[in-house]
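Colleague: Position 95, counted from 1, in the sequence shown is what the UniProt record's numbering calls 95; the numbers after and before it change by one each time, with no gaps. The structure is given below, and queries will be raised subsequently.
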Amino acid sequence: MPRHYPKRERKKAGDKRSRLDRRRQRQRAAEEKERQRALEKEGRRRGLIRIRTDRLRSRSVMGSMGVPTFQGCYYEDYPFVCCDCGRKEIWTAKSQRWWYEEMGGEMESFAIRCRCCRDAERRRKDEARRISAEGRERKRRRMENGEG
Ligand SMILES: [Zn+2]
1 MPRHYPKRER KKAGDKRSRL DRRRQRQRAA EEKERQRALE KEGRRRGLIR
51 IRTDRLRSRS VMGSMGVPTF QGCYYEDYPF VCCDCGRKEI WTAKSQRWWY
101 EEMGGEMESF AIRCRCCRDA ERRRKDEARR ISAEGRERKR RRMENGEG
């Protein structure tokens, strides 16, 4: 038994595979185009807000991949469960557009907290900032007084 196929046959098998790959690729691209068309039609029918991609800001090279709110060409109400209290909330299409296009929110960021917990989180952060600023100020004064 030869351990390898003769070179010529191997090459032929490779050609066949890449032809198949190209065909699959073309098919996938066609399917994707069809999917986008269907999405657009559906979006127009439902009067959805279109995502203006030129206004989006992204920090990652991955773009919209994996961002649950960017799976189509329209903003859609995004139901989620608050990571703090477990309450079910909906991040509306309108506030998504506000966040991404007007506030310049990064594409990779999306709602994880309900309004209540978001407010609480903001207060907690403000408080932490205040305390750390106070700490720095105390240290600075100690240094000035030669106690540091
Ligand atoms: Zn919550």
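Where a beta carbon is used, it is the ideal one built from N, C-alpha and C, also for glycine.
Reducing DSSP to helix, strand and coil, say where E106 ends up.
Modeller: For the purposes of this step, residue 106 is taken as residue 106 along the sequence shown, with counting starting at 1. E106: strand per DSSP, three-state reduction.
Colleague: Between V81, A30, Q96, which has its C-alpha nearest E106's C-alpha?
Modeller: Position 106 of the sequence shown, counted from the first residue, corresponds to residue 106. Per the Cα distances, Q96.
Colleague: Select from S58, F70, C117, A29 the residue whose C-alpha is nearest the C-alpha of R87.
Modeller: The count along the sequence shown starts at 1 and reaches residue 87 at position 87. The option with the nearest alpha carbon to R87 is C117.
Colleague: Determine the burial state of W91: buried for a count of at least 16 other Cβ atoms within 10 Å of its Cβ, exposed for fewer.
Modeller: Translated into positions along the sequence shown, residue 91 becomes position 91. W91 is buried by the Cβ-count criterion.
Colleague: Go through the region 9–46 residue by residue and report every complete run of the alpha helix (DSSP H) that reaches 4 residues or more, in order.
Modeller: Runs of the alpha helix (DSSP H) inside the region 9–46: none found.
Colleague: If the criterion is Cβ atoms closer than 8 Å, does the pair L39 and Y75 meet it?
Modeller: Taking the first residue of the sequence shown as 1, we reach residue 39 at position 39. Taking the first residue of the sequence shown as 1, we reach residue 75 at position 75. No; because the gap between Cβ atoms is not below 8 Å, this pair is not in contact.
Colleague: Anything with a beta carbon under 5 Å from a heavy atom of ligand 1 counts; list them all in chain order.
Modeller: Checking every Cβ against the heavy atoms of ligand 1 under 5 Å gives C82, D84, C85, R87, C114, C117.
Colleague: Does the beta-carbon of C83 have 16 or more other beta-carbons within 10 angstroms, so that it is buried, or is it exposed?
Modeller: Counting from one through the sequence shown, the residue named residue 83 turns up at place 83. Exposed.
Colleague: Express the C-alpha separation of R122 and E101 in angstroms, rounding to a whole number.
Modeller: Taking the first residue of the sequence shown as position 1, residue 101 is located at position 101. Taking the first residue of the sequence shown as position 1, residue 122 is located at position 122. The alpha-carbon atoms of E101 and R122 are separated by roughly 22 Å.
Colleague: Would you tell me roughly how many angstroms separate the C-alpha atoms of D126 and R141, rounded to the nearest one?
Modeller: Translated into positions along the sequence shown, residue 126 becomes position 126. Translated into positions along the sequence shown, residue 141 becomes position 141. Each residue's Cα considered, the two are about 22 Å apart.
Colleague: Under the rule that 16 or more other beta-carbon atoms within 10 Å means buried, what is E42, buried or exposed?
Modeller: Position 42 of the sequence shown, counting from 1, holds the residue named residue 42. Exposed is the call here.
Colleague: In whole angstroms, give me the CA-to-CA distance for S18 and Q71.
Modeller: Locating residue 18 in the sequence shown gives position 18, counting from the first residue. Locating residue 71 in the sequence shown gives position 71, counting from the first residue. Their Cα atoms are separated by approximately 29 Å.
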